[in-house]
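Position in the sequence shown (from 1) plus 141 gives the number in the numbering used here.
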Amino acid sequence: MPDSGNASLADVFPSAAAALGCPGFDDTLGLGHATKIVCLLVDGLGYGALRRSDPPWLTWGRVDPIDSVLPTTTAVALTSLGTGLLPGTHGMVAASFVLPETGDLLAPLHWGSDPLPESVQIEATVPELLVRNGIACHTVGPHAYAQSGLTRAALRGPTYHGAHTPQDYIERVRSIQRSGGLSFTYVYWPELDRIGHARGVGDSEWESGLVRVGDLIMGIHSVLAPGALLVVTSDHGMVSCPPSRRVRWDELADLHRGVQLLSGEPRCRLVYFDKGTDADEAARRWRDRLEPDFEIWTRPELRDSRLMGEV
(Lines of atoms letter the chains of each structure in order from A and count residues from 1; the text may use other names and numbers.)
(Lines give C-alpha, C1' and ligand atoms only; values in the text may rest on other atoms or scores of the structure.)
Protein backbone atom coordinates (compact mmCIF):
# COMPACT_ATOMS: atom_id res chain seq x y z
CA MET A 1 0.00 0.00 0.00
CA PRO A 2 1.26 3.54 -0.74
CA ASP A 3 1.51 4.41 2.96
CA SER A 4 3.51 1.29 3.90
CA GLY A 5 6.83 3.09 3.83
CA ASN A 6 8.20 0.56 1.35
CA ALA A 7 9.57 1.37 -2.05
CA SER A 8 7.16 0.54 -4.85
CA LEU A 9 7.10 -0.39 -8.50
CA ALA A 10 6.70 3.31 -9.28
CA ASP A 11 10.23 3.89 -7.90
CA VAL A 12 12.04 1.49 -10.28
CA PHE A 13 12.37 3.60 -13.45
CA PRO A 14 12.97 6.88 -11.56
CA SER A 15 15.73 5.19 -9.53
CA ALA A 16 17.30 3.92 -12.75
CA ALA A 17 17.09 7.41 -14.26
CA ALA A 18 18.83 8.86 -11.21
CA ALA A 19 21.52 6.17 -11.40
CA LEU A 20 22.19 7.25 -14.99
CA GLY A 21 22.58 10.84 -13.84
CA CYS A 22 19.35 12.19 -15.32
CA PRO A 23 18.27 15.34 -13.42
CA GLY A 24 14.94 15.49 -11.61
CA PHE A 25 14.90 11.90 -10.32
CA ASP A 26 15.70 10.30 -6.94
CA ASP A 27 17.47 6.96 -6.48
CA THR A 28 14.93 5.62 -3.97
CA LEU A 29 16.11 2.02 -4.50
CA GLY A 30 19.78 2.84 -3.94
CA LEU A 31 20.99 1.57 -7.31
CA GLY A 32 24.14 3.71 -7.23
CA HIS A 33 25.70 4.88 -10.48
CA ALA A 34 25.83 3.17 -13.87
CA THR A 35 26.54 3.99 -17.49
CA LYS A 36 23.98 1.50 -18.80
CA ILE A 37 20.99 -0.05 -17.07
CA VAL A 38 18.94 -3.05 -18.18
CA CYS A 39 15.62 -3.42 -16.35
CA LEU A 40 14.08 -6.86 -16.84
CA LEU A 41 10.45 -7.17 -15.81
CA VAL A 42 9.25 -10.76 -15.34
CA ASP A 43 5.47 -10.59 -15.47
CA GLY A 44 3.78 -12.34 -12.52
CA LEU A 45 6.92 -13.16 -10.50
CA GLY A 46 6.12 -12.18 -6.92
CA TYR A 47 8.65 -11.98 -4.10
CA GLY A 48 6.90 -14.65 -2.02
CA ALA A 49 6.80 -17.24 -4.80
CA LEU A 50 10.40 -16.45 -5.71
CA ARG A 51 11.58 -16.99 -2.15
CA ARG A 52 9.66 -20.26 -1.81
CA SER A 53 11.20 -21.61 -5.03
CA ASP A 54 14.65 -20.24 -4.08
CA PRO A 55 16.34 -20.70 -7.48
CA PRO A 56 20.16 -20.77 -7.48
CA TRP A 57 20.53 -17.48 -9.35
CA LEU A 58 18.73 -15.68 -6.52
CA THR A 59 22.03 -15.53 -4.63
CA TRP A 60 23.74 -13.57 -7.39
CA GLY A 61 22.77 -10.10 -6.25
CA ARG A 62 20.87 -7.99 -3.78
CA VAL A 63 17.24 -9.07 -3.29
CA ASP A 64 14.75 -6.59 -1.81
CA PRO A 65 10.94 -6.71 -1.70
CA ILE A 66 9.02 -3.74 -3.09
CA ASP A 67 5.29 -3.06 -3.29
CA SER A 68 3.18 -3.34 -6.40
CA VAL A 69 0.23 -0.98 -6.86
CA LEU A 70 -3.53 -1.22 -6.39
CA PRO A 71 -4.94 -3.05 -8.23
CA THR A 72 -2.13 -5.54 -8.76
CA THR A 73 -2.87 -6.18 -12.40
CA THR A 74 -0.50 -5.87 -15.36
CA ALA A 75 -1.95 -2.87 -17.20
CA VAL A 76 -2.08 -0.74 -14.06
CA ALA A 77 1.30 -1.84 -12.76
CA LEU A 78 3.14 -1.39 -16.06
CA THR A 79 1.79 2.15 -16.31
CA SER A 80 3.15 2.90 -12.84
CA LEU A 81 6.46 1.35 -13.88
CA GLY A 82 6.66 3.44 -17.04
CA THR A 83 5.54 6.76 -15.57
CA GLY A 84 6.86 6.49 -12.02
CA LEU A 85 3.37 7.48 -10.84
CA LEU A 86 0.65 5.75 -8.83
CA PRO A 87 -2.69 4.89 -10.50
CA GLY A 88 -4.58 7.80 -8.97
CA THR A 89 -2.38 10.11 -11.01
CA HIS A 90 -1.80 8.24 -14.27
CA GLY A 91 -5.46 7.16 -14.49
CA MET A 92 -5.08 3.54 -15.60
CA VAL A 93 -7.10 2.09 -12.75
CA ALA A 94 -8.04 -1.52 -13.64
CA ALA A 95 -7.74 -4.37 -16.10
CA SER A 96 -10.81 -2.78 -17.68
CA PHE A 97 -12.56 0.45 -16.76
CA VAL A 98 -14.94 3.05 -18.14
CA LEU A 99 -13.45 6.17 -19.69
CA PRO A 100 -15.41 9.02 -18.10
CA GLU A 101 -15.06 11.26 -21.18
CA THR A 102 -16.82 8.81 -23.49
CA GLY A 103 -18.51 6.18 -21.34
CA ASP A 104 -16.69 3.46 -23.30
CA LEU A 105 -15.10 0.43 -21.65
CA LEU A 106 -11.33 0.22 -22.11
CA ALA A 107 -9.41 -3.05 -21.65
CA PRO A 108 -5.74 -1.96 -21.91
CA LEU A 109 -4.32 -5.45 -22.58
CA HIS A 110 -6.43 -5.61 -25.76
CA TRP A 111 -5.89 -2.04 -26.93
CA GLY A 112 -5.00 -0.90 -30.40
CA SER A 113 -5.17 2.77 -31.41
CA ASP A 114 -8.72 3.68 -30.46
CA PRO A 115 -9.01 5.64 -28.28
CA LEU A 116 -5.67 7.32 -28.86
CA PRO A 117 -3.34 5.95 -26.14
CA GLU A 118 -1.39 9.20 -25.83
CA SER A 119 -4.64 11.02 -25.07
CA VAL A 120 -5.82 8.52 -22.43
CA GLN A 121 -2.54 8.47 -20.49
CA ILE A 122 -1.13 11.97 -20.91
CA GLU A 123 1.68 11.98 -18.32
CA ALA A 124 5.24 11.82 -19.66
CA THR A 125 6.91 8.43 -19.25
CA VAL A 126 10.32 8.11 -17.63
CA PRO A 127 11.88 6.87 -20.92
CA GLU A 128 10.51 9.95 -22.71
CA LEU A 129 12.23 12.16 -20.16
CA LEU A 130 15.46 10.16 -20.46
CA VAL A 131 15.46 10.62 -24.25
CA ARG A 132 14.92 14.36 -23.82
CA ASN A 133 18.05 14.40 -21.65
CA GLY A 134 20.16 12.64 -24.25
CA ILE A 135 20.05 9.11 -22.82
CA ALA A 136 19.34 6.36 -25.34
CA CYS A 137 16.33 4.19 -24.49
CA HIS A 138 15.38 0.76 -25.80
CA THR A 139 12.66 -1.82 -25.20
CA VAL A 140 13.06 -5.56 -25.86
CA GLY A 141 9.83 -7.53 -25.88
CA PRO A 142 7.37 -9.55 -27.99
CA HIS A 143 6.93 -8.28 -31.54
CA ALA A 144 3.15 -8.00 -31.10
CA TYR A 145 3.47 -5.40 -28.34
CA ALA A 146 5.59 -2.89 -30.26
CA GLN A 147 2.67 -0.62 -31.20
CA SER A 148 0.03 -1.81 -28.73
CA GLY A 149 -2.13 0.74 -26.97
CA LEU A 150 -0.65 -0.19 -23.60
CA THR A 151 2.93 0.22 -24.83
CA ARG A 152 2.09 3.63 -26.29
CA ALA A 153 0.24 4.74 -23.17
CA ALA A 154 2.54 3.39 -20.47
CA LEU A 155 5.99 2.83 -21.93
CA ARG A 156 6.36 5.11 -24.94
CA GLY A 157 9.68 6.67 -25.79
CA PRO A 158 12.21 3.87 -26.40
CA THR A 159 13.25 2.23 -29.66
CA TYR A 160 11.45 -1.13 -29.74
CA HIS A 161 13.28 -4.39 -30.53
CA GLY A 162 11.02 -7.39 -31.09
CA ALA A 163 12.10 -10.78 -29.71
CA HIS A 164 10.63 -14.23 -29.09
CA THR A 165 12.95 -16.80 -27.51
CA PRO A 166 15.29 -16.18 -24.56
CA GLN A 167 18.22 -16.28 -26.99
CA ASP A 168 16.51 -13.62 -29.13
CA TYR A 169 16.24 -11.42 -26.04
CA ILE A 170 19.88 -11.96 -25.10
CA GLU A 171 21.09 -11.13 -28.62
CA ARG A 172 19.01 -7.93 -28.72
CA VAL A 173 20.47 -6.82 -25.38
CA ARG A 174 23.99 -7.75 -26.53
CA SER A 175 23.62 -5.52 -29.59
CA ILE A 176 22.30 -2.60 -27.53
CA GLN A 177 25.12 -2.94 -25.00
CA ARG A 178 27.72 -2.50 -27.76
CA SER A 179 26.56 1.05 -28.46
CA GLY A 180 28.42 3.91 -26.81
CA GLY A 181 27.06 6.43 -24.32
CA LEU A 182 24.50 6.22 -21.55
CA SER A 183 21.56 3.90 -22.17
CA PHE A 184 18.47 2.46 -20.51
CA THR A 185 16.95 -0.81 -21.74
CA TYR A 186 13.58 -2.16 -20.60
CA VAL A 187 13.07 -5.90 -21.16
CA TYR A 188 9.61 -7.48 -20.79
CA TRP A 189 9.22 -11.27 -20.32
CA PRO A 190 5.55 -12.42 -20.30
CA GLU A 191 5.74 -16.23 -20.19
CA LEU A 192 5.70 -16.89 -16.43
CA ASP A 193 2.52 -14.87 -15.95
CA ARG A 194 0.75 -16.86 -18.67
CA ILE A 195 1.77 -20.14 -17.05
CA GLY A 196 0.69 -18.95 -13.61
CA HIS A 197 -2.77 -17.94 -14.82
CA ALA A 198 -3.26 -21.25 -16.62
CA ARG A 199 -1.60 -23.69 -14.22
CA GLY A 200 -1.18 -21.97 -10.85
CA VAL A 201 1.91 -20.92 -8.93
CA GLY A 202 4.36 -23.68 -8.04
CA ASP A 203 3.08 -26.14 -10.65
CA SER A 204 5.82 -28.14 -12.40
CA GLU A 205 5.23 -26.17 -15.59
CA TRP A 206 5.56 -22.92 -13.59
CA GLU A 207 8.83 -24.17 -12.09
CA SER A 208 10.09 -24.94 -15.61
CA GLY A 209 9.14 -21.40 -16.59
CA LEU A 210 11.12 -20.10 -13.63
CA VAL A 211 14.17 -22.04 -14.85
CA ARG A 212 13.84 -20.24 -18.20
CA VAL A 213 13.65 -16.95 -16.33
CA GLY A 214 16.95 -17.85 -14.67
CA ASP A 215 18.50 -18.68 -18.04
CA LEU A 216 17.34 -15.32 -19.36
CA ILE A 217 18.74 -13.45 -16.36
CA MET A 218 22.10 -15.20 -16.59
CA GLY A 219 22.23 -14.70 -20.35
CA ILE A 220 21.54 -10.98 -20.12
CA HIS A 221 24.04 -10.66 -17.28
CA SER A 222 26.70 -12.29 -19.45
CA VAL A 223 26.39 -9.67 -22.23
CA LEU A 224 26.35 -6.53 -20.06
CA ALA A 225 28.86 -3.85 -20.95
CA PRO A 226 31.43 -2.73 -18.34
CA GLY A 227 29.78 -0.35 -15.88
CA ALA A 228 26.31 -1.68 -16.66
CA LEU A 229 23.69 -2.69 -14.09
CA LEU A 230 20.94 -5.34 -14.36
CA VAL A 231 17.74 -4.75 -12.37
CA VAL A 232 15.13 -7.53 -12.25
CA THR A 233 11.62 -6.77 -11.05
CA SER A 234 7.98 -7.74 -11.57
CA ASP A 235 4.62 -6.04 -11.95
CA HIS A 236 2.74 -8.21 -9.44
CA GLY A 237 2.79 -11.57 -7.71
CA MET A 238 0.32 -14.43 -7.82
CA VAL A 239 -1.51 -16.72 -5.44
CA SER A 240 -3.37 -19.86 -6.51
CA CYS A 241 -7.09 -19.64 -5.81
CA PRO A 242 -8.77 -22.95 -4.90
CA PRO A 243 -12.28 -23.50 -6.26
CA SER A 244 -13.76 -23.27 -2.76
CA ARG A 245 -12.68 -19.61 -2.59
CA ARG A 246 -14.19 -18.55 -5.89
CA VAL A 247 -17.36 -16.46 -6.06
CA ARG A 248 -19.59 -16.61 -9.13
CA TRP A 249 -21.50 -13.52 -10.18
CA ASP A 250 -24.44 -15.56 -11.47
CA GLU A 251 -24.88 -16.96 -7.94
CA LEU A 252 -25.14 -13.48 -6.38
CA ALA A 253 -28.55 -12.51 -7.74
CA ASP A 254 -29.30 -10.48 -4.60
CA LEU A 255 -26.49 -8.09 -5.56
CA HIS A 256 -27.51 -7.54 -9.18
CA ARG A 257 -29.94 -4.72 -8.36
CA GLY A 258 -28.85 -1.43 -9.89
CA VAL A 259 -25.63 -2.79 -11.37
CA GLN A 260 -24.95 -1.37 -14.81
CA LEU A 261 -21.55 -2.94 -15.47
CA LEU A 262 -18.84 -5.12 -13.88
CA SER A 263 -15.30 -4.41 -15.05
CA GLY A 264 -11.78 -5.05 -13.79
CA GLU A 265 -10.80 -8.69 -13.19
CA PRO A 266 -11.24 -11.28 -10.41
CA ARG A 267 -8.66 -9.78 -8.07
CA CYS A 268 -10.26 -6.34 -8.24
CA ARG A 269 -13.69 -5.62 -9.65
CA LEU A 270 -15.05 -2.19 -10.50
CA VAL A 271 -18.82 -2.10 -10.11
CA TYR A 272 -20.70 0.62 -11.98
CA PHE A 273 -24.25 1.38 -10.83
CA ASP A 274 -27.18 3.04 -12.56
CA LYS A 275 -27.48 6.77 -12.09
CA GLY A 276 -29.43 7.65 -8.96
CA THR A 277 -28.27 4.57 -7.02
CA ASP A 278 -27.49 5.24 -3.36
CA ALA A 279 -23.83 4.22 -3.29
CA ASP A 280 -23.64 3.94 0.51
CA GLU A 281 -26.70 1.68 0.64
CA ALA A 282 -25.36 -0.47 -2.19
CA ALA A 283 -22.01 -0.77 -0.43
CA ARG A 284 -23.78 -1.93 2.75
CA ARG A 285 -25.58 -4.66 0.83
CA TRP A 286 -22.36 -5.83 -0.80
CA ARG A 287 -20.46 -5.83 2.49
CA ASP A 288 -23.20 -7.79 4.26
CA ARG A 289 -23.02 -10.42 1.53
CA LEU A 290 -19.28 -10.63 0.76
CA GLU A 291 -17.22 -9.59 3.77
CA PRO A 292 -14.72 -10.68 5.06
CA ASP A 293 -13.64 -12.34 1.78
CA PHE A 294 -13.80 -9.00 -0.04
CA GLU A 295 -13.02 -5.43 0.87
CA ILE A 296 -15.47 -2.97 -0.63
CA TRP A 297 -15.05 0.76 -1.13
CA THR A 298 -17.25 3.44 -2.63
CA ARG A 299 -15.54 5.85 -5.02
CA PRO A 300 -15.14 8.60 -2.34
CA GLU A 301 -13.82 6.06 0.19
CA LEU A 302 -11.23 4.77 -2.27
CA ARG A 303 -10.15 8.30 -3.14
CA ASP A 304 -9.82 9.31 0.51
CA SER A 305 -7.94 6.11 1.42
CA ARG A 306 -5.08 7.07 -0.95
CA LEU A 307 -4.67 3.38 -1.76
CA MET A 308 -4.18 4.48 -5.36
CA GLY A 309 -2.07 7.42 -4.29
CA GLU A 310 -3.24 10.96 -4.79
CA VAL A 311 -6.18 11.17 -7.20
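Heads up, the beta-carbon is just placed ideally off N, CA and C, and yes, glycines get one too.
Computed from a predicted model, the values in this text were never measured in an experiment.
Check	Outcome
For H362, the residue or residues it bridges with in DSSP	DSSP output for H362 lists no bridge partner at all.
Through-space distance from D334 to F435, alpha-carbon basis	24 Å
G189 in three-state terms, based on DSSP	helix
Inter-residue Cα distance where the pair is R389 and L402	15 Å
Validate contact between the region 201 to 209 and the region 420 to 437 using beta carbons, cut 8 Å, 3 pairs	no
Test item: CB-CB of D152 and L170 under 7 Å	yes
CA nearest to the CA of C278, picked from I178, P249, D344, S345	I178
Paired residues, beta bridge with R502 - DSSP	Nothing about residue 502 can be read from this structure; the chain reaches only from 142 to 452.
P283 (DSSP reduced to helix, strand or coil)	strand
Rounded separation between H302 and H231 - CA only	26 Å
Cβ-based neighbour list, H305, same chain, cut-off 8 Å, excluding 5 preceding and 5 following	P283, H284
Straight-line gap, L186 to G350 (C-alpha atoms, nearest Å)	10 Å
Classification of G450 by the beta-carbon crowding that lies within 10 angstroms, buried from 16 upward	buried
CA nearest to the CA of I336, picked from T300, G378, Q308, G368	G378
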